[in-house]
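Report on one structure; see the data block that follows.
Shown next as structure tokens:
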């Protein structure tokens, strides 16, 4: 049976992207273009999966005042045949309006600024409603991705998903990430360098040695750690206990954690102008998930080194395409073979 991919986002938003040909403080200028689309880390992952040709379910919270507008706008992305893969919207309507974030891109000076609003949709009532909806959605061997800013109460939803037999990925930060990881039993986390440092309680450098040393302390709680490194690419870390053919996701509470396997990859192809870095991490995770699940044996996951390496390389290609803006007008089928990644 095909493993369903379900994203759960508690802090969704509308992303308004404004382009302008040169701007400085106190100037008044006419913009070149603007675009607004439904987003937030979780929904960005759905959109990335759609572009990669992978169907997924979008769960989580969304404001009731703009719910229908969001549903209409979610028809995005390209499959390998040039058609949009389906995003099934199963979000929980919450009273109010979804926040808006703003990105201003200065095309003349090749710089950008991101302005974020606080999310107000997550509260006791909406969280209870969401849990009731998730009870109808989540099944064994689903891949559940909890992404974006989260209140600490999210821990209960993560534990619920694990009890249902789902493999749980987490891409968040702050106290919620620390609390969720402390419970263990996670399939994957995707921290950046700063977030990895927060998890172990000390700052780390963006070097493979530092990342490996930090990750050793976490591999009794999580199967895979996918660390995004900016221009240096990404690194996937896991215990040797993991890659033994096909296995169900499980906590690594026993065994020798001294050894860590690390697969590193980065983009080495043609350099284009970086148009927008927003959501690149989401495209990294989506690319990894899409490729990792490709073999999909009945009731399990393939943890061979080849499959894991291919998944990491696909994630890097997907994130790179997003940074260069290639996903705006080209299909994944046309892009993937023209992006060179070294691992």
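Residue numbers (the numbering used here): 2 to 344. The C-beta atom is built at its ideal place from N, Cα and C for all residues, glycine as well. All of these numbers come straight from a predicted model, not from anything done at the bench.
In this structure, the straight-line span from the alpha carbon of residue 61 to that of residue 91 is close to 8 Å. C-alpha of residue 182 to C-alpha of residue 29: approximately 46 Å in a straight line. Cα atoms of residue 194 and residue 212: separation of roughly 8 Å, rounded to the nearest angstrom.
About 6 Å separates the beta carbon of residue 6 from that of residue 290, a gap short enough to meet the 8 Å contact definition. In the three-state reduction of the DSSP assignment, residue 33 falls in the coil class. Residue 268 sits buried, since 16 or more C-beta atoms from the chains shown fall within 10 Å of its C-beta. Listed in chain order, the non-local C-beta contacts of residue 285 below 8 Å within the same chain comprise 191, 227, 229, 235, 316, 317, 319 and 320, local neighbours out to five positions each way being set aside.
CA-CA distance, residue 109 to residue 22, rounds to 5 Å. Residue 189 is bridged by DSSP to 170 and 225. The beta-carbon separation of residue 294 and residue 50, rounded to 10 Å, does not stay under the 8 Å limit for a contact.
Cβ-Cβ distances below 8 Å link residue 179 to 199 and 200 in the same chain, with the five nearest sequence neighbours on each side left out; the list follows chain order. In this structure, residue 99 and residue 149 do not form a Cβ contact; the two beta carbons are roughly 12 Å apart against a cut-off of 8 Å. For residue 41, the secondary structure class from DSSP, reduced to helix, strand or coil, is coil. Bounds of the alpha helix (DSSP H) holding residue 164 are 155-164.
Partner residues in the beta bridge of residue 342, as assigned by DSSP, are 268. Of the candidates 116, 68 and 172, 68 places its Cα closest to the Cα of residue 93.
Inside the stretch 109-138, DSSP marks whole beta strand (DSSP E) runs of 3 or more residues at positions 112-116, from first to last along the chain. With contacts defined as CB atoms closer than 9 Å, residue 344 and residue 264 qualify as a contacting pair. The residues 325, in chain order, have a CB closer than 7 Å to that of residue 273 in the same chain once the five nearest residues on each side in sequence are set aside.
Contact check for residue 96 against residue 118 fails: the beta carbons are separated by 9 Å or more. Counting of Cβ neighbours within 10 angstroms places residue 116 among the exposed residues, the total staying below 16. DSSP places residue 312 inside the alpha helix (DSSP H), whose first and last residues are 306-325. Per the C-alpha coordinates, the member of 27, 54 and 17 positioned closest to residue 331 is 54. The C-alpha of residue 35 is placed about 43 Å away from the C-alpha of residue 306.
For residue 142, the secondary structure class from DSSP, reduced to helix, strand or coil, is coil. Here the C-alpha atom of residue 8 lies approximately 16 Å from the C-alpha atom of residue 130.
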